[in-house]
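There are 4 protein chains.
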Amino acid sequence: MNTDIAQLVSIALYSPKPDESVAFFHDLLGMEISHREGQSVYLRAYEDFYQYSLKITEAAQAGVEQVTWRASSPESFERVAKRIEASGLGIGWTENDYAHGRAYKFCTPDGHPMKVLWDLDYFQAPPELKSNLRSRPSKRPLRGVPVRRLDHVNLMVSDVPTNRGFMTAVLDFHVREQKIGEGGVEVGAWLSVSALVHEIALMRDATGSRGRFHHVAFWYGAPQHLLDIADIFSERDVQIEGGPAKHGTTQAYFLYCFEPGGNRVELFGDTGYLIFDPAWKTVVWNVANEVDLEKSTIWFGGQLPKSFYRYGTPVAPGHGLAEISKQ
Amino acid sequence: MNTDIAQLVSIALYSPKPDESVAFFHDLLGMEISHREGQSVYLRAYEDFYQYSLKITEAAQAGVEQVTWRASSPESFERVAKRIEASGLGIGWTENDYAHGRAYKFCTPDGHPMKVLWDLDYFQAPPELKSNLRSRPSKRPLRGVPVRRLDHVNLMVSDVPTNRGFMTAVLDFHVREQKIGEGGVEVGAWLSVSALVHEIALMRDATGSRGRFHHVAFWYGAPQHLLDIADIFSERDVQIEGGPAKHGTTQAYFLYCFEPGGNRVELFGDTGYLIFDPAWKTVVWNVANEVDLEKSTIWFGGQLPKSFYRYGTPVAPGHGLAEISKQ
Amino acid sequence: MNTDIAQLVSIALYSPKPDESVAFFHDLLGMEISHREGQSVYLRAYEDFYQYSLKITEAAQAGVEQVTWRASSPESFERVAKRIEASGLGIGWTENDYAHGRAYKFCTPDGHPMKVLWDLDYFQAPPELKSNLRSRPSKRPLRGVPVRRLDHVNLMVSDVPTNRGFMTAVLDFHVREQKIGEGGVEVGAWLSVSALVHEIALMRDATGSRGRFHHVAFWYGAPQHLLDIADIFSERDVQIEGGPAKHGTTQAYFLYCFEPGGNRVELFGDTGYLIFDPAWKTVVWNVANEVDLEKSTIWFGGQLPKSFYRYGTPVAPGHGLAEISKQ
Amino acid sequence: MNTDIAQLVSIALYSPKPDESVAFFHDLLGMEISHREGQSVYLRAYEDFYQYSLKITEAAQAGVEQVTWRASSPESFERVAKRIEASGLGIGWTENDYAHGRAYKFCTPDGHPMKVLWDLDYFQAPPELKSNLRSRPSKRPLRGVPVRRLDHVNLMVSDVPTNRGFMTAVLDFHVREQKIGEGGVEVGAWLSVSALVHEIALMRDATGSRGRFHHVAFWYGAPQHLLDIADIFSERDVQIEGGPAKHGTTQAYFLYCFEPGGNRVELFGDTGYLIFDPAWKTVVWNVANEVDLEKSTIWFGGQLPKSFYRYGTPVAPGHGLAEISKQ
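Here you go:
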């Protein structure tokens with residue numbers, strides 16, 4: 000994959016209950032706190048190589064503060080920044096973010112805040128966290144069922160083609176899978192710059208809102224760990240929205256839940272499949288067709304509730320979880 | 000990863016017992032036979048996208064006939080072919096290989112036969128093999144414990160630095176992990192062009208031979224499947240050399256066995272870890288140091304026997320399995 | 000556990016599509032055919048020790064022909080036969096059943112046909128099926144995702160207390176778990192004579208019918224195998240009713256599906272928990288209470304559809320799968 | 000199984016490093032501390048129903064203080080106590096042990112201290128540990144990779160037939176598997192009173208010592224958890240002696256390690272197989288025969304070192320771990 004973007008670096012989320020949100024990621028998902036500053040806490044999974052992959056900031060409403068991408072090289076960085084600028088969606092340069100070097104900020108057509116950078120800080124484990132497993136940046140934690148790394152983000156969009164087009168034309172992503180509904184309307188797109196099926200997915204927002212956040216996914220790799228965390232969630236009253244079950248799209252063995260601040264979190268229990276074909280043809284699911292509709296969403300396991308298509312953060316008026324479940 | 004090679008396409012092996020070799024891959028590893036021609040049988044795993052990933056050809060001795068790589072684009076193809084030609088290790092163009100388009104043949108400094116291509120045939124499932132899981136090129140077989148896809152090859156080399164240097168300078172690979180032994184001698188290198196830790200590994204041949212084959216690895220993803228196939232192998236007298244166990248190097252949960260023709264086969268029971276960092280610094284294991292020596296080879300699980308370092312195909316005189324185990 | 004019954008031996012089912020039913024158990028669940036006679040086929044899982052654990056007989060309607068229990072000793076056999084006779088539910092002695100010795104036939108208060116025996120034939124593997132794993136009566140099959148052994152049966156009853164009372168007072172079972180609904184009505188009971196949580200479960204039939212069959216369960220032990228068989232079922236259009244998911248009751252990681260003849264089959268993907276306490280106090284779920292209602296049925300995973308409570312075999316008029324799903 | 004003993008209740012171990020031993024069981028194996036008294040700490044796994052299953056007491060040397068069995072009923076309790084008394088191995092009655100009622104103390108012919116009881120205290124979870132999973136006596140811990148319950152003990156004996164005979168004739172155990180070596184010498188026996196293949200195993204002590212302790216096993220059920228704990232052990236320098244691998248005998252997927260006090264601990268990663276046949280014929284492995292020797296010990300996975308046959312606690316002079324590994 001020769002692309003100007005190399006990978007997803009981190010996601011910054013807002014939470015109205017920051018202490019509980021941090022406890023969720025730290026105690027149950029076993030993430031490590033690498034920094035605290037102002038109203039923000041920075042965390043990473045034990046196989047995330049950079050200083051942080053998740054930032055939680057106190058705010059009145061849940062939602063996404065920023066998605067950060069790393070370019071493939073300094074040259075790619077310049078190229079992609081120029082393309083963004085030319086697109087009219089550029090916001091400008093910043094050098095002040097914790098653990099991140101000079102970055103170019105922008106937003107998607109729908110308004111989701113993003114930035115791209117080249118320089119950033121790697122996590123340097125203190126002696127007590129150093130692992131003899133040399134490809135592991137810090138020891139496997141003894142808390143909860145620890146996630147291994149950040150995997151992808153999923154954004155709700157008012158219009159898939161426009162936002163998907165921006166991701167491909169400007170940011171250099173490839174469309175790996177796609178859902179086409181009645182009348183040829185594109186209702187979902189899964190895009191990546193690596194062997195992963197997606198570092199980002201775009202889903203049509205059934206409420207018609209703009210710029211909302213659907214979920215962030217952390218990776219387990221082992222299916223058993225989804226069963227383990229589901230057991231713990233059920234016992235400790237963490238709300239599971241769907242799964243453990245398997246999507247047809249992306250082949251992901253998944254679990255969706257809500258962190259205490261209200262943001263949706265996905266836990267990813269295997270690798271799905273990996274794409275190495277440099278001439279990959281987008282897998283198209285025609286969801287106007289009943290077989291594709293059923294198989295793409297749930298290959299096996301329980302169905303997803305309505306909230307999956309309407310609930311996002313910030314919450315759209317009239318579309319809170321309680322309201323949706325009463326419909 | 001911006002490289003001129005995109006992926007490993009297939010491996011062609013020689014077998015003195017071709018019928019038994021094919022039965023091993025078909026009946027126990029659940030591979031599908033996609034073609035037969037002359038003394039050769041072509042097979043693929045159910046999530047391999049191309050016409051074949053494994054070719055078995057009858058021959059007096061086991062060993063590797065050819066390793067095939069796909070370039071990242073037509074332009075990359077031309078570039079890499081030119082670099083190979085310039086290296087003096089080029090052999091020439093071929094257009095006659097089954098299911099493969101125009102290709103440039105060459106060999107490693109040690110003499111392992113390889114080729115690179117751009118055009119090749121995708122597997123087109125007949126109706127009865129077509130899956131509703133649209134990213135799966137054919138149905139999951141009901142035989143044995145079916146492998147999902149080709150993962151990587153491991154070659155024995157008389158000299159690691161020379162061969163590793165060829166793979167990086169000429170073929171554009173990145174060195175992901177490395178083992179350095181007494182006196183700074185490089186004894187192993189793991190290289191890739193994708194998020195995988197390796198599509199190819201090079202190990203120093205302890206017998207001093209040149210150009211031998213160590214193993215080909217097929218991917219399961221789920222650790223349970225290694226336990227399942229190990230159970231079946233133990234019951235059906237397939238010789239397991241090592242594992243199920245976990246390497247520190249590559250973090251692979253592995254099993255090594257011998258197919259009936261004598262070639263070593265690895266089954267890969269998880270994903271190890273994936274590399275997305277575009278500025279990845281090679282993980283170096285200093286195996287002159289006892290901790291690194293132990294942890295790099297076996298992170299947990301039983302030790303590997305001497306044969307792992309001396310047995311390869313074709314068999315070096317005096318280094319057959321029975322002879323090594325008596326040492 | 001000192002009880003007069005020791006274990007569940009086999010279940011005999013009727014199928015209107017016997018060839019397809021046998022193919023389901025043989026090809027997908029990897030069961031072995033040990034005998035054919037008249038309109039019947041006898042099968043066993045590879046770790047079932049007796050000659051058969053499942054008998055499929057052609058009939059106009061799906062349903063249960065017979066459930067067979069083995070007594071704990073010849074003395075227990077006589078004792079339990081006398082108690083059944085005294086209960087008025089005895090039918091009489093039989094000596095003519097294939098692979099089964101002298102047996103006493105009876106039925107539950109609801110009318111489910113059963114028998115109890117002491118003597119029966121053990122499976123004797125022919126040389127090619129003999130395993131070097133000496134506690135395994137025959138080799139692990141290479142077909143489908145092979146089940147390991149028969150686990151339990153679940154019967155629908157018009158009245159739980161009456162049938163549960165018969166199982167405890169006459170057959171010597173212990174009540175391991177119980178669901179009590181609105182107004183103190185017992186809606187389910189899980190009973191066993193061993194460390195298993197149940198060899199038999201009794202569920203109130205929401206249609207008010209008598210003597211129907213809910214499901215038979217075969218055991219996998221490994222959670223991954225439920226994911227494997229679910230993948231295969233989804234690809235080959237076997238109808239999954241629920242799961243893979245986890246019950247609170249019995250802690251079973253389960254999948255429910257329908258074999259082609261229409262009988263419901265459960266696949267059991269772990270061991271739940273085992274009971275060794277000789278003074279076990281029945282675990283009571285008060286399902287009039289919302290938490291218990293939710294947690295007992297689904298500890299985690301997707302919800303069960305209405306059919307789970309109304310569909311049984313033979314099918315009650317107006318309660319076929321298609322009819323229920325339209326309600 | 001109609002036997003006078005129903006189950007293994009607890010094991011009491013001596014440790015010269017009690018704080019580190021407790022930390023091992025609490026932090027890594029996720030056990031809960033239910034009591035501290037004098038030089039002793041009492042722990043239980045989260046699915047152990049009684050007040051404790053493991054007692055660690057400070058002492059100069061590692062070893063077993065006591066193995067506690069529960070009778071099948073008050074009548075069985077009296078019967079088994081009388082038989083022990085008649086055997087000449089009785090020690091006498093005690094009523095003073097923490098959480099245990101009136102008990103009869105005795106020892107094996109080899110001198111291992113044991114007791115049998117009927118009355119004992121069940122664990123009563125405080126509100127914060129109470130689970131909504133009603134068959135689970137306390138919440139699943141968030142520490143380490145928590146074991147689910149005590150499984151079995153393994154004792155080294157100077158003479159297998161004598162000690163095995165005591166377990167069957169006096170304590171009412173059944174011999175499930177047996178290893179017979181050169182000259183018909185019985186070198187191992189696996190005995191149980193339930194569906195488990197063993198609550199106790201007896202192994203010939205290759206050092207000729209008497210009354211030593213080989214290991215205690217705690218149960219995971221899920222194979223993945225053995226991989227998880229092995230990963231953690233490797234990273235935190237806990238010494239793994241063997242595994243994860245699978246025994247032919249008992250079909251156990253196992254890992255052996257040493258707790259900091261020097262006692263061997265087994266972690267049991269699946270259920271092996273369960274025995275329900277009331278007329279079970281002992282599975283005999285003839286280990287004078289090479290196939291049985293190999294397959295009984297290791298069905299698959301790495302070989303066991305010499306220490307497995309010679310190291311026990313208390314350590315026999317000249318047979319410490321370091322000394323054995325130099326042989």
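Protein chains in written order, with numbering that gives the first Met the number 0: chain A, 0 to 326; chain B, 0 to 326; chain C, 0 to 326; chain D, 0 to 326. Here a beta-carbon is modelled for each residue, glycine too, at the ideal position from N, C-alpha and C. Keep in mind it's a predicted model, so treat the numbers as computed, not measured.
Along the region 185–206 of chain A, what residues have a CB closer than 7 Å to any CB found in chain C? none
Whether D150 of chain D touches L292 of chain D by CB criterion (9 Å): no
Within 9 Å (strictly less), CB to CB, does Q6 of chain D reach chain B? no
On the DSSP letters alone, give me the boundaries of the alpha helix (DSSP H) that A168 of chain B sits inside. 159–168
Taking the alpha-carbon of L210 of chain B as reference, which of B:A22, B:Y310, B:I32, B:H173 has the nearest alpha-carbon? Residue 210 of chain B is actually Gly in this sequence, not Leu. The candidate whose alpha carbon is nearest that of G210 of chain B is B:Y310.
Which residues bound the alpha helix (DSSP H) around Y308 of chain B? 306–309
Residues from the region 220–242 of chain B in contact with chain D, defined by Cβ distance under 8 Å: P222, Q223, L226, A229, D230, F232, S233, I239, G241, G242
So, under 8 Å CB-CB, I90 of chain C and F105 of chain C are touching, yes? Tell me the CB distance rounded to an integer number of Å. 5 Å
Around the Cβ of R35 of chain C, are there at least 16 other Cβ atoms within 10 angstroms (buried) or fewer (exposed)? exposed
Ordered along the chain, which non-local residues of its own chain (more than five positions away) have a Cβ less than 8 Å from that of L273 of chain A? A194, L195, V196
Confirm, please, whether the CB-CB distance from H214 of chain C to N153 of chain C is below 9 Å. yes
Taking a cut of 7 Å between CB atoms, which residues from the region 246–257 of chain C lie near chain D? G247, Q250
Which residues, in chain order, does the region 44–56 of chain C contribute to contact with chain D at a C-beta distance below 9 Å? E46, F48, Y49
If I follow the unbroken beta strand (DSSP E) through H347 of chain D, where does it start and stop? Residue coverage of chain D in this structure runs from 0 to 326, which leaves residue 347 of chain D outside it and unanswerable.
Using 8 Å as the cut-off, can you tell me whether the region 97–112 of chain A makes contact with the region 177–185 of chain A, which would need three or more C-beta pairs spanning the two stretches below that distance? no
Relative to the C-alpha of A58 of chain C, which candidate in C:M166, C:A216, C:K16 has its C-alpha closest? C:K16
Should R139 of chain C be flagged as near chain B, meaning a C-beta pair shorter than 9 Å? yes
With a threshold of 9 Å between beta-carbons, can S86 of chain A be considered close to chain B, or not? no
Endpoints, alpha helix (DSSP H) assigned at R82 of chain A: 73–86
So F307 of chain B and G241 of chain B are in contact, right, with Cβ under 8 Å, and what is the actual spacing, rounded? 6 Å
Just list the residues that DSSP pairs F299 of chain A with in beta bridges. A:K245
Counted within 10 angstroms of its Cβ, other Cβ atoms place D47 of chain A as buried (16 or more) or exposed: buried
Rounded to whole angstroms, what's the CA-CA distance from M166 of chain D to I32 of chain A? Just pull it up for me. 54 Å
How close, in whole Å, do the beta carbons of S52 of chain D and P259 of chain D come, if the pair is a contact with beta carbons under 8 Å? 19 Å between Cβ atoms; not a contact.
Going by CA-CA distance only, name the one from D:V115, D:E198, D:R235, D:A315 that's closest to P126 of chain A. D:R235
I297 of chain D versus I231 of chain B - alpha carbon distance: 14 Å
Since A287 of chain C sits in a beta bridge, which residues does DSSP pair it with? DSSP, once it has assigned bridges, lists no residue as partnering A287 of chain C.
When the Cα of I199 of chain A is compared with those of A:H224, A:V156, A:L226, which residue comes out closest? A:V156
Alpha carbon to alpha carbon, how far is G87 of chain A from V282 of chain B? 41 Å
9 Å Cβ cutoff, F275 of chain B in contact with chain A: yes
Which value, in whole angstroms, describes the spacing of the CA atoms of R69 of chain C and A5 of chain C? 6 Å
At a CB-CB cut-off below 9 Å, which residues of chain C make contact with F307 of chain A? Neighbours of F307 of chain A on chain C: none; closest Cβ ~12 Å, over 9 Å.
Taking the CB atoms as reference points, tell me whether T2 of chain A and V192 of chain A lie closer together than 9 Å. yes
Residue span of the alpha helix (DSSP H) that contains V21 of chain B, given as start and end: 17–22
Would you mind sorting W92 of chain A into buried or exposed? The rule is 16 or more other CB atoms within 10 Å of its CB. exposed
Taking the C-alpha atoms as reference points, what is the distance between L268 of chain C and Q250 of chain C? Residue identity differs from the one stated: residue 268 of chain C is Gly in this sequence, not Leu. Their Cα atoms are separated by approximately 11 Å.
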